[in-house]
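Reminder that position 237 of the sequence shown reads as 236 in numbering that gives the first Met the number 0, one-by-one numbering, no gaps.
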Amino acid sequence: MSSLSPQAQAVIDAFGQHPGVTQDHLNNLQAVIFASPALIDQINAAVAEGHLKAIVPLTHPNAGGEYDPQNQAMRLPLDRLTTPPPGPDQADTALHNAGEITYVLGHELRHGFNRIATQEAQAKFSNDVRGIAQNVPPPRDYTAPAAALLAQHRRDEAGAEIAGWNAIVSRVKSANPNQDPSLQEIFEAQQGRVRNFIDQSQDGPPYTYTLKPNLTLNPDMTLSPSAANLEAMGQNFFDKVAENTRIGPLGTSDYANYYGRSAVSHIAQVERHYHPPQPGIATPQMGLDLSQLRLSEKLLEENGIDLGQHQQPLPYYDFGNQPPTAHLFQHTLATHQHELPIATDMPRFDPARERSQTDPAGHDASAWSPQRPEAARDNSIDAIFERLTDAALLGDREGMRAAVEDWKHSPDGRQAEREVSEYLAAQARAEAQEAARVQAQTGPVLVR
């Protein structure tokens, strides 16, 4: 029977010394590990290779577990390591929690093994972004390096899912070592996580259990991280819509936008470093194909875009639209709020306008200067947003306030204000109802 190395056992023991960690938590963690021989082998290897140096309590409310590549630390939820109170559901809850921790350990350990490949992808991404910023004329398209980095995160998450599956299979098999587990036994060991792998029939009980058609199992029911299986789990896990993923600071994100936030933040900061805002140039100088990248400005901003030292909104083109449309990325690192009406009805991409700003033989660039005569003010919605963009680029707070006032008094602005007021009122009612529900709720807290 496998056993933990002295070095691995020291990491487990150190977990018990963290504030808030009880002997009950430590006992249950060790019981989960010893029940899955695959986990024992993975923990030993991760510690020996320097991928796991600590296990600490998880504080993120919208995660089931985390891996910190900077400190080689795994974060685990203490509520899943707490022995459930006596009662009719105690056994089922304990089984569910054990399956959850088994899966999370396998999943997060794989992130540790993958961290070198991810760091290499991040370094290449940074170099490619810098090369575009230094050498490509506007509008600069940063889609390709962003796509490459997101593809690595997708492979990383897919491989971590497969590792979580194999840890569960090992746990089930260790309970009955004389035969390979069935799909039903694997499903019942952790019903939430393995739904990414197994379909349960709608009619039942009795239920039937079917492996997802894009996956291929080994004879012993484990999954190999083959190219086909990795792509399958990219589809089954990473590509799930936000409503079925609910990660990030607000619990509203999918994985593409969760990882895309840091990519967009880095691109924005590099772009601003090499191309600071210039008077008279208000149209975007860079862009991304959000559709190709499966990104949403709203979800990116809710995850917290970091524009760095220069926090004024950054104009960008969405090249996924034809013609490309202009929008603004907001600095939302602290607020995690998608700000309206910045991202709607912005001016469309105009090649002639781009030439006027880069070709001395083109149109007069001063036509796009924010210092236009008041008598010639155009109060169409496009013109208002153009003035707002101009003022934001120049750090002109008065100009920004004036543009916002123009918008507020326009028909579109008044309609949006009514819609926002209705939304906020509905949100307040929903939050009050949720607070009442939570106050009345008993039993264990569910962590996604």
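Where is the CB? At the ideal position from N, CA and C, for every residue including glycine. Quantities reported herein were computed from a predicted structural model and do not represent experimental measurements.
- The Cβ-Cβ distance between I167 and V193 falls below 8 Å.
- Burial check for G203: the Cβ neighbour count within 10 Å stays below 16, so the residue is exposed.
- Bounds of the alpha helix (DSSP H) holding F14 are 5-14.
- Boundaries around I54 are those of the beta strand (DSSP E), 53-56, since no alpha helix (DSSP H) includes it.
- In terms of Cα proximity to P36, the closest of H110, D67, N175, Q121 is N175.
- Between the C-alpha atoms of E187 and D198 there is a straight-line separation of about 12 Å.
- Fully contained in the region 32-99 are the following alpha helix (DSSP H) runs of length 4 or more, in chain order: 36-47.
- Remark: C-beta atoms of P138 and Q329 do not approach each other more closely than 8 Å.
- In the structure shown, I304 falls within a coil segment according to DSSP collapsed to helix, strand and coil.
- Contact between the region 269-276 and the region 295-304 is absent, with fewer than three C-beta pairs closer than 8 Å.
- Going by C-alpha positions, D140 is about 18 Å away from I280.
- Boundaries of the beta strand (DSSP E) harbouring H326: 324-328, taken from the DSSP string.
- DSSP links S1 through a beta bridge to no other residue.
- Remark: three or more beta-carbon pairs, one from each stretch, lie closer than 8 Å, so the region 5-23 and the region 53-69 are flagged as touching.
- Residues of the same chain with a CB within less than 8 Å of the CB of D179, apart from the 5 flanking positions on each side, are K172, P218, D219, M220 in chain order.
- The continuous alpha helix (DSSP H) containing T142 extends over residues 142-174.
- The straight-line gap separating the alpha-carbon atoms of P248 and A62 is approximately 10 Å.
- DSSP, reduced to helix, strand and coil, places R129 within a helical segment of the structure shown.
- In the structure shown, Y257 falls within a helical segment according to DSSP collapsed to helix, strand and coil.
- With fewer than 16 other Cβ atoms from the protein chains shown falling within 10 Å of its own Cβ, G191 counts as exposed.
- In this structure, I100 is the residue among I100, L287, A146 with its C-alpha nearest to the C-alpha of Q29.
- Around the beta carbon of A262, 16 or more other beta carbons sit within 10 angstroms, so the residue counts as buried.
- Three or more beta-carbon pairs separated by less than 8 Å link the region 147-161 to the region 219-238, which places the two stretches in contact.
- In this chain, I246 is not harboured by any beta strand (DSSP E), its DSSP state being neither H nor E.
- The C-alpha of K211 lies about 23 Å from the C-alpha of I246.
- Q16 and R74 have their C-alpha atoms roughly 14 Å apart.
- Ranked by Cα distance from F124, the first of T334, Y102, I266 is I266.
- T331 and H337 have their C-alpha atoms some 8 Å from each other.
- For the set H110, T142, A120, I115, the Cα lying nearest the Cα of G163 is the one of H110.
- By DSSP's assignment, Y206 forms no beta bridge with any residue.
- Contact between Q189 and G98 holds: their C-beta atoms lie close to 3 Å from each other, under 8 Å.
- Here T324 is buried: its Cβ has 16 or more other Cβ atoms, across all protein chains shown, within 10 Å.
- The C-alpha of H152 lies about 17 Å from the C-alpha of V103.
- Within the same chain, Cβ atoms closer than 8 Å to the Cβ of D288 are found at D140, T142, D317, F318, G319, the five residues on either side in sequence being excluded.
- Between D238 and L298, the C-beta gap is not smaller than 8 Å, which leaves the two residues out of contact.
- Q199 carries a strand assignment under DSSP once its states are collapsed to helix, strand and coil.
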